[in-house]
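In the working numbering, the protein residues as written are 78 to 333.
Glycine included, C-beta positions come from ideal geometry on N, C-alpha and C.
Below you'll find the structure, written out as structure tokens, and then a few comments.
Right, here's the structure in full:
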């Protein structure tokens, strides 16, 4: 009888250990690259410099010896602050133009910020000689959702950011995030594009989705192990109760 009770007691324990190991996530699913690099590998960046596009927001500051004249162009610049982006920036319209004081419309679509600075300097030469112009993007935001440590919308100061740096802003991918199934949602040309990327693939660095665009949305999908883990938690609780019950019965029989 005691031998029978002992066997009955072992069954829940064995099942518990099996489910615990079944819920473990293999190490290869947690790494960012699917193989080791034997040597240095160089991948050409698909986007060397970010270019200005319709609906971008630009911070423009004019610098000159003549401070009074310069102030005409920099009235908004004195309001600079992260919470006042709309007040200090120039919106690029659907045709790629901005409306600049005295000059009027300036076409900047397809220009880098350096090229835009030179273009504005040349146009201002008729009104204010010997000027320098600073142009920066101010709508640098990405939204990161799903299996990351901190979901949310993040602002970055660089002109461009790659997907790995963006995920770092959110604290990185959680242990249940699938590094091979990350969705990038991008609005471009009046369309919404959904694209799966594999963060463990070295080919990502040479693709069109390595660098992000402003207002991109990143969604990290969960591993199947997460669902298994939740199921195992429920089953483990049930098995724990059964094990306790059998232990009590075993103790009661032993006393007799």
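Roughly how many angstroms separate the alpha carbons of residue i and residue j, rounded to a whole number?
{"i": "residue 261", "j": "residue 179", "result": "41 angstroms"}
{"i": "residue 166", "j": "residue 286", "result": "27 angstroms"}
{"i": "residue 288", "j": "residue 299", "result": "23 angstroms"}
{"i": "residue 232", "j": "residue 219", "result": "7 angstroms"}
{"i": "residue 321", "j": "residue 295", "result": "45 angstroms"}
{"i": "residue 129", "j": "residue 277", "result": "30 angstroms"}
{"i": "residue 234", "j": "residue 214", "result": "8 angstroms"}
{"i": "residue 194", "j": "residue 188", "result": "9 angstroms"}
{"i": "residue 148", "j": "residue 240", "result": "39 angstroms"}
{"i": "residue 301", "j": "residue 258", "result": "11 angstroms"}
{"i": "residue 168", "j": "residue 297", "result": "31 angstroms"}
{"i": "residue 196", "j": "residue 137", "result": "12 angstroms"}
{"i": "residue 263", "j": "residue 201", "result": "36 angstroms"}
{"i": "residue 248", "j": "residue 146", "result": "46 angstroms"}
{"i": "residue 273", "j": "residue 281", "result": "11 angstroms"}
{"i": "residue 171", "j": "residue 192", "result": "19 angstroms"}
{"i": "residue 217", "j": "residue 203", "result": "32 angstroms"}
{"i": "residue 245", "j": "residue 319", "result": "43 angstroms"}
{"i": "residue 176", "j": "residue 229", "result": "33 angstroms"}
{"i": "residue 271", "j": "residue 173", "result": "25 angstroms"}
{"i": "residue 283", "j": "residue 291", "result": "19 angstroms"}
{"i": "residue 184", "j": "residue 269", "result": "25 angstroms"}
Following the continuous beta strand (DSSP E) through residue i, name the residue where it begins and the one where it ends.
{"i": "residue 270", "result": "268–274"}
{"i": "residue 256", "result": "254–265"}
{"i": "residue 294", "result": "294–299"}
{"i": "residue 222", "result": "218–223"}
{"i": "residue 229", "result": "229–232"}
Residue i lies in the alpha helix (DSSP H); which residues open and close that run?
{"i": "residue 57", "result": "Given a span of 78 to 333 for the chain in the structure shown, any question on residue 57 remains unanswerable."}
With DSSP run on the structure shown, which of helix, strand or coil describes residue i?
{"i": "residue 104", "result": "No answer about residue 104 holds up, because its pLDDT of 42 lies below 50 and its placement is not dependable."}
{"i": "residue 127", "result": "coil"}
{"i": "residue 279", "result": "helix"}
{"i": "residue 321", "result": "helix"}
{"i": "residue 213", "result": "strand"}
Which runs of the beta strand (DSSP E) at least 3 residues long sit entirely within the region 130–208? Give them in chain order. 134–140, 166–168, 174–177, 181–184
Any contact between the region 203–210 and the region 141–151? By contact I mean 3 or more CB pairs, one from each, below 8 angstroms. In the pairwise beta carbon analysis, the region 203–210 is classified as touching the region 141–151: at least three pairs are separated by under 8 angstroms.
Are the region 251–265 and the region 224–231 touching by the rule of at least three beta carbon pairs closer than 8 angstroms? yes
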